[in-house]
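These notes concern the structure reproduced below.
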Amino acid sequence: MKIKVGVFFGGNSVEHEISVITMNQAISSLNPEKYEIVPIYIAKNGVMYTGDDLLDLYSFRDMDVLLKRCYPVAVVNDGKGVKVIRCPAPIIGKRVLNTIDVAFPIVHGTNAEDGTLAGFLTLLGIPFVGPDILASSIGMDKILQKKVLKESGIPVVDHVSFYAMEYIKNEETILKQIEKTLSFPMIVKPGNLGSSVGIKKANNQAELEEAIAFAMEFTDRVIVEKAVEKLKEINCSIIGNITESETSICEEPFFSDEILSYTDKYIGSGKTKGGTISGKGIPVKMTGGKTTTKGNNNEFANRKIPAEISKEKEDEIRQLTKDVFQVLGCSGVARVDFLMDEETEKVYVNEINTIPGALSFYLWEATGKSFEQELDEMIEIALKRQREKEKLTFSYDQNILAMQGGKIGTKGIKGKI
Ligand SMILES: Nc1ncnc2c1ncn2[C@@H]1O[C@H](COP(=O)(O)OP(=O)(O)O)[C@@H](O)[C@H]1O
Ligand SMILES: [Mg+2]
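Have a look at this one:
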């Protein structure tokens with residue numbers, strides 16, 4: 069019997085479209101002999117849809133037509149398993165459209181990758197691929213993540229963080245604190261977004277204030293960091309769980325402006341096919357298993373694989389990747405991004421991506437693991453975690469409400485508290 073894999077994607081996030089691309093890449097490499105794909109698309113307004121048209125990337129060019137060809141659904145646990153049911157229920161025709169054995173979240177960004185979807189799947193009681201609620205939410209939060217990593221002795225850049233509401237009230241105090249802690253240039257970021265949205269570099273006081281106002285348009289929490297000058301960015305992927313993990317070779321993404329922008333990441337500089345989803349951004353694996361690359365197999369136009377760094381630096385980065393993954397309690401595939409000061413060769417952890425774009429398949433292929441193998445391992449890790457979880461005690465079989473001869477007093481309960 070094939071395993072029914074519910075692939076959840078989309079979500080109300082600035083990275084919605086990137087999730088659609090990653091999902092399309094993944095489904096083209098899931099072994100059809102082993103798995104049956106049940107697509108669950110989460111529209112930006114939160115409505116979930118299923119339907120075969122969701123499996124074709126090009127259907128997403130016309131959302132109105134696409135959604136008319138799909139069914140709005142609810143995903144529920146009815147005590148016998150997780151079902152995908154039509155919602156509202158049809159007067160005639162099937163109500164239960166499908167069942168799901170294991171969920172595979174392929175979402176990026178807030179309201180999705182940040183623990184929202186992990187929470188929903190935990191509530192359903194279904195095994196799911198990737199990080200649990202805590203690892204997802206800390207992984208998405210640039211501020212808490214830096215605090216946790218720093219506390220664990222992992223190098224991160226100096227920074228100051230604050231709530232937008234605090235800044236509105238005490239702008240001067242916060243600006244003074246920034247001035248005392250950091251020197252220009254600085255990088256200002258929303259505390260919890262992704263894809264470089266809302267991020268600006270500030271070279272002076274006026275730019276700093278402008279960048280903070282800009283970041284506050286996107287979020288209620290802001291982080292200001294010391295900018296690493298003579299910057300070289302290095303990313304490393306990891307697969308496994310907290311006890312067993314394996315790292316990939318490293319990549320070196322390039323950028324066309326002062327920071328690696330949304331355009332650099334997903335669209336490209338526009339010199340060739342920029343502006344199209346298969347342009348120079350994240351490598352795209354199209355149906356049929358072929359990876360579209362520019363140049364030779366090891367070097368995508370906007371990234372160098374492997375990164376040009378010494379063996380010692382590579383070892384240091386791969387070890388730090390394992391440390392970050394472990395400290396944050398991750399699972400599945402993640403990518404840890406580093407900022408390296410080329411002059412001092414000092415390496416800082418910038419952030420973890422707990423569900424990385426393209427699931428980092430291009431790094432795993434370069435390391436010798438096919439995308440199909442990677443996905444197999446991710447699903448196996450999820451099933452193993454569920455087996456471990458089932459051994460834990462989450463509740464007592466005794467029902468205290470049915471005890472005391474049917475009389476329910478508050479004393480015993482009070483005593484417990
Ligand atoms: N402290 C820093 N110093 C220099 N450049 C930075 C710094 N932080 C971020 N950047 C640049 O901004 C880009 C986006 O920042 P990042 O924290 O990775 O946000 P996102 O989650 O949006 O990817 C990075 O890839 C890098 O190019
Ligand atoms: Mg980043």
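Sequential numbering from 69 applies to the sequence shown in our numbering. Note that the Cβ used here is the ideal one computed from N, Cα and C, for glycine as well.
Check: residue 370 C-beta below 7 Å from any heavy atom of ligand 2: Ligand 2 has no heavy atom closer than 7 Å to the beta-carbon of residue 370.
Look at the alpha carbon of residue 254 and the alpha carbon of residue 99, and state the distance between them as a whole number of angstroms. Distance between the alpha carbons of residue 254 and residue 99: 46 Å.
From what residue to what residue does the beta strand (DSSP E) around residue 164 run? Residues 164 to 168.
Name the two residues that bound the continuous alpha helix (DSSP H) containing residue 92. Counting along the chain, the alpha helix (DSSP H) containing residue 92 begins and ends at 84 to 95.
Within 10 angstroms of its Cβ, does residue 159 collect 16 or more other Cβ (buried), or is it exposed? Residue 159 should be labelled exposed.
Does at least one heavy atom of ligand 1 sit under 7 Å from the Cβ of residue 293? True, at least one ligand heavy atom lies under 7 Å from that Cβ.
Where residue 185 falls: helix, strand or coil (DSSP): Here residue 185 sits in helix by DSSP.
Which runs of the beta strand (DSSP E), 3 residues or longer, sit entirely within the stretch 245 to 280? Counting only runs of 3+ residues, the beta strand (DSSP E) found wholly inside the stretch 245 to 280 occupies 254 to 258 and 268 to 270, in chain order.
May I ask you to report which of helix, strand or coil DSSP gives residue 402? Three-state DSSP puts residue 402 in a strand.
Burial state of residue 469 (16 or more Cβ within 10 Å): Residue 469 should be labelled exposed.
Does the beta-carbon of residue 258 have 16 or more other beta-carbons within 10 angstroms, so that it is buried, or is it exposed? Burial check for residue 258: the Cβ neighbour count within 10 Å reaches 16 or more, so the residue is buried.
Return helix, strand or coil for residue 343, following the three-state DSSP convention. Because the pLDDT at residue 343 is just 33, under 50, the model does not fix this residue reliably, and the value given afterwards should be weighed accordingly. Of the three classes helix, strand and coil, the one that applies to residue 343 here is coil, per DSSP.
For ligand 2, is there a heavy atom less than 7 Å away from the beta-carbon of residue 275? Answer for residue 275: no, Cβ out of range of ligand 2.
Please indicate yes or no: does the CB of residue 83 lie closer than 7 Å to some heavy atom of ligand 1? Not under cutoff, so the answer is no.
Say whether the stretch 220 to 233 touches the stretch 119 to 128, bearing in mind that this needs 3 or more beta-carbon pairs closer than 8 Å, one atom from each stretch. Counting C-beta pairs with one atom in each stretch, the stretch 220 to 233 and the stretch 119 to 128 have fewer than three that are closer than 8 Å, which means they do not touch.
Return yes when at least one heavy atom of ligand 3 lies under 7 Å from the C-beta of residue 418, else no. This structure simply doesn't include ligand 3; it includes ligand 1 and ligand 2 instead.
Would you say residue 151 reaches chain B, if we count a Cβ-Cβ gap shorter than 8 Å as a contact? The structure shown contains no chain B; it is built from a single protein chain.
Cβ-Cβ separation, residue 169 to residue 72 (assumed contact under 8 Å), whole Å: Confirmed, about 5 Å.
Curious, which full-length beta strand (DSSP E) runs of at least 3 residues does the stretch 402 to 459 contain? With a minimum length of 3 residues, the continuous beta strand (DSSP E) runs that stay inside the stretch 402 to 459 are 415 to 421.
What distance in whole Å lies between the Cβ atoms of residue 443 and residue 97, which are believed to be in contact at a cut-off of 8 Å? Going by Cβ atoms, the distance from residue 97 to residue 443 rounds to 6 Å, so yes, they are a contact pair.
Option nearest residue 514 by Cα separation, candidates 166, 80, 106 and 167: Nothing can be reported for residue 514: it is not among the residues displayed for the chain, which extend from 69 to 485.
Could you tell me which of 267, 310 and 321 sits nearest to residue 456, measuring between CA atoms? When each option's Cα is compared against that of residue 456, the closest is 310.
Closer than 7 Å: residue 376 CB and nearest ligand 1 heavy atom: The answer is no for residue 376.
Between the Cα of residue 305 and the Cα atoms of 139, 420, 116 and 445, which residue gives the shortest distance? Nearest of 139, 420, 116 and 445 to residue 305, Cα basis: 420.
So is the beta-carbon of residue 405 under 7 Å away from any non-hydrogen atom of ligand 2? Closer than 7 Å to some heavy atom of ligand 2: that describes the Cβ of residue 405.
Whole-angstrom Cβ separation of residue 314 and residue 307, contact assumed at under 8 Å? Rounded, the Cβ-Cβ distance is 6 Å, consistent with contact.
If I'm right that residue 76 touches residue 175 with Cβ under 8 Å, what's the distance once you round it to whole angstroms? The C-beta distance from residue 76 to residue 175 rounds to 7 Å, short enough to meet the 8 Å contact threshold.
Do the stretch 370 to 389 and the stretch 424 to 434 meet, that is, are 3 or more Cβ pairs less than 8 Å apart? Short answer: they touch.
Measuring CB atoms only, is the stretch 273 to 282 touching the stretch 378 to 393, in the sense that at least three cross pairs come out at less than 8 Å? At 8 Å Cβ cutoff, the stretches do not touch.
On the three-state DSSP scale, how would you describe residue 142? Of the three classes helix, strand and coil, the one that applies to residue 142 here is strand, per DSSP.
Taking only heavy atoms of ligand 1 into account, decide whether any of them is closer than 7 Å to the Cβ of residue 225. Residue 225: yes, Cβ under 7 Å from ligand 1.
Name the two residues that bound the continuous beta strand (DSSP E) containing residue 152. Element bounds for residue 152: 150 to 154.
Which residues does DSSP list as the beta-bridge partners of residue 116? In the DSSP assignment, the residues bridged to residue 116 are 110 and 141.
Residue 260 versus residue 284 - alpha carbon distance: Put simply, the backbone Cα of residue 260 is about 11 Å away from that of residue 284.
Is it buried or exposed for residue 291, if we count other Cβ within 10 angstroms and need 16 for buried? The residue is buried, with at least 16 neighbouring Cβ atoms inside 10 Å.
Tell me the residue span of the beta strand (DSSP E) that contains residue 228. Counting along the chain, the unbroken beta strand (DSSP E) around residue 228 starts and ends at 227 to 231.
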